[in-house]
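Undergrad:
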Amino acid sequence: MPIGRQASRIWPSGGAHLWSPGASSEAHTHDRGHLVYAARGVLSVHSERGTSVVPATRVAWIPAGFGHHHRAHGHTDMRIVFLTASLARLVPAHPAVFAASGLAREVLLALTGTREYDRAATARLHRVLVEELREAPEQPLQLPEPRDDRLRAVARVLYENPADTTPLAELGRRSGASARTLSRLFRDELGMTFYEWRTQLRVHHALVLLAEGHDTTRVAHACGWANPSGFITAFTAIIGTTPGRHRQLTRPV
């Protein structure tokens, strides 16, 4: 059973769940693909492909059969919309994160709100939602999980302390690999450089800290930026909005 869930409304095509800060679900699968949206707060969605962080400006997609679990950061209003097999074929066959347009957000909220729609209207809203997501590029908010033991050793250091600034060469000495080998592994296995991966990790951590109510300056330092301006630039480049604006979107009503 989920730990820390406060209230739920569930129906065949979706659901709405209120979560306390730090609440989580057990690992599970669904026989239908579904979209996950945080109307308030921030969710992290963990699957075999890695960790997706889902603030109010993003929508996560979990295909049918993918094992996953959720965790809430801050008071979180989680919405779920299941897709039919015919609509699921129009979106990726792997877990993904999409930018949520204004229309997509309104449709998600409508489909998971208290108003009841007939079957035809619900089907139309589902089609609109999928078309909006097809127009939205996948977002770099899924942090891939390293598989190579040497990469895992490096990742553990940064999971424990995202602000760690140890050079890759030194991290390599600790994990038994050269900086060149680690750089190649990051590119080949994770599809990004070490510094890109570390920035993604830091922004993930920043999303969590912002959801917990910490201010921009404290979050910047906790995530490894020497000054808030550098943090704001990196955060905005990935999330598409400033940390301050993001806090307004995710703050409980």
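Residues in the sequence shown are numbered from 1 upward in steps of one, following the UniProt record's numbering. Ideal Cβ positions, reconstructed from N, Cα and C, are used throughout, including at glycine. All figures in this text were calculated on a predicted structure; none of them were measured in a lab.
Measuring CB atoms only, is the stretch 48-59 touching the stretch 8-23, in the sense that at least three cross pairs come out at less than 8 Å?
TA: They do not touch, by the three-pair rule.
Undergrad: Per the contact definition of three or more C-beta pairs closer than 8 Å, is the stretch 76-87 in contact with the stretch 27-46?
TA: Contact holds: three or more Cβ-Cβ distances are below 8 Å.
Undergrad: What alpha helix (DSSP H) runs, 4 residues minimum, are completely inside the stretch 39-98?
TA: Counting only runs of 4 or more, we get 85-88.
Undergrad: Nearest by alpha-carbon distance to Thr122: which of Leu111, Glu131 and Val130 is it?
TA: Counted from its first residue, the sequence shown places residue 122 at position 122. That would be Leu111, whose Cα lies nearest to the Cα of Thr122.
Undergrad: Within the chosen definition, does the stretch 197-207 reach the stretch 238-250 through at least 3 CB pairs nearer than 8 Å?
TA: Taking 8 Å as the limit for Cβ pairs, the verdict is that the stretch 238-250 does touch the stretch 197-207.
Undergrad: Please return the same chain residues whose Cβ sits closer than 8 Å to the Cβ of Leu182, not counting the five positions on each side in sequence.
TA: Residue mapping note: residue 182 aligns to position 182 of the sequence shown, counting from 1. Closer than 8 Å at the Cβ level, and outside the excluded window around Leu182, lie Arg150, Leu151, Val154, Leu168, Leu171, Gly172, Ser175 and Phe194.
Undergrad: Expressed to the nearest angstrom, what Euclidean distance is found between the alpha-carbon atoms of Glu160 and Gly74?
TA: Here the question's residue 160 lines up with position 160 in the sequence shown. Here the question's residue 74 lines up with position 74 in the sequence shown. Each residue's alpha carbon lies about 20 Å from the other.
Undergrad: So, for Val107: in the same chain, excluding its five sequence neighbours on each side, which residues have a beta-carbon less than 8 Å away from its beta-carbon?
TA: For the purposes of this step, residue 107 is taken as the residue at position 107 of the sequence shown. Taken in chain order, the residues that qualify are Leu125, Val128, Leu129 and Glu132.
Undergrad: Could you say which of Ala16, Leu143 and Arg187 lies nearest to Arg115 if we only look at CA atoms?
TA: The residue given as residue 115 occupies position 115 in the sequence shown. Nearest of Ala16, Leu143 and Arg187 to Arg115, Cα basis: Ala16.
Undergrad: Just grab the DSSP bridge partners of Gln248 for me.
TA: On the sequence shown, position 248 is the one that residue 248 refers to. None; Gln248 has no bridge partner.
Undergrad: Would you decide whether Thr233 is buried or exposed? Buried here means 16 or more other CB atoms lie within 10 Å of its CB.
TA: Here residue 233 refers to the residue found at position 233 of the sequence shown. Residue burial annotation: Thr233 is exposed, with fewer than 16 other C-beta atoms found within 10 angstroms of its C-beta.
Undergrad: Is it the case that the stretch 34-42 contacts the stretch 55-70, given that we only count it when at least three CB pairs across the two stretches are under 8 Å?
TA: yes
Undergrad: Assuming Ala104 and Thr57 form a contact by the criterion Cβ under 8 Å, report the distance between their Cβ atoms to the nearest whole angstrom.
TA: To locate residue 104, count along the sequence shown from 1; it is residue 104. To locate residue 57, count along the sequence shown from 1; it is residue 57. 10 Å between Cβ atoms; not a contact.
Undergrad: Suppose you measure from the CA of Gln139 to the CA of Leu43; what does that come to, to the nearest Å?
TA: Here residue 139 is taken as the residue at index 139 of the sequence shown, counted from 1. Here residue 43 is taken as the residue at index 43 of the sequence shown, counted from 1. Answer to the nearest angstrom: the Cα atoms are 15 Å apart.
Undergrad: In angstroms with no decimal places, state the Cα-to-Cα distance between Cys223 and Thr165.
TA: Here residue 223 refers to the residue found at position 223 when the sequence shown is read from its first residue. Here residue 165 refers to the residue found at position 165 when the sequence shown is read from its first residue. Approximately 10 Å, taken between the alpha carbons.
Undergrad: If you compare alpha carbons, which of Val54, Phe66 and Leu90 is closest to Leu210?
TA: For the purposes of this step, residue 210 is taken as the residue at position 210 of the sequence shown. Of the candidates Val54, Phe66 and Leu90, the one whose C-alpha sits nearest the C-alpha of Leu210 is Val54.
Undergrad: Using a Cβ-Cβ cutoff of less than 8 Å, which residues in the same chain neighbour Gly230 once the five nearest sequence positions on both sides are dropped?
TA: Counted from its first residue, the sequence shown places residue 230 at position 230. Around Gly230: Ala220.
Undergrad: Using the three-state DSSP reduction, which class does Glu145 fall into: helix, strand or coil?
TA: As a position in the sequence shown, residue 145 is number 145, starting the count at 1. If DSSP states are grouped into helix, strand and coil, Glu145 belongs with coil.
Undergrad: What would DSSP say about Glu170, mapped onto helix, strand or coil?
TA: Along the sequence shown, one-based indexing puts residue 170 at 170. If DSSP states are grouped into helix, strand and coil, Glu170 belongs with the helices.
Undergrad: Here's a check: name, in chain order, each residue in its chain whose Cβ is nearer than 8 Å to the Cβ of Asn227, leaving out the five neighbours to either side.
TA: Numbered from its first residue, the sequence shown carries residue 227 at position 227. For Asn227, same chain residues with a beta-carbon under 8 Å away, outside a window of 5 residues either side, are Ala220 in chain order.
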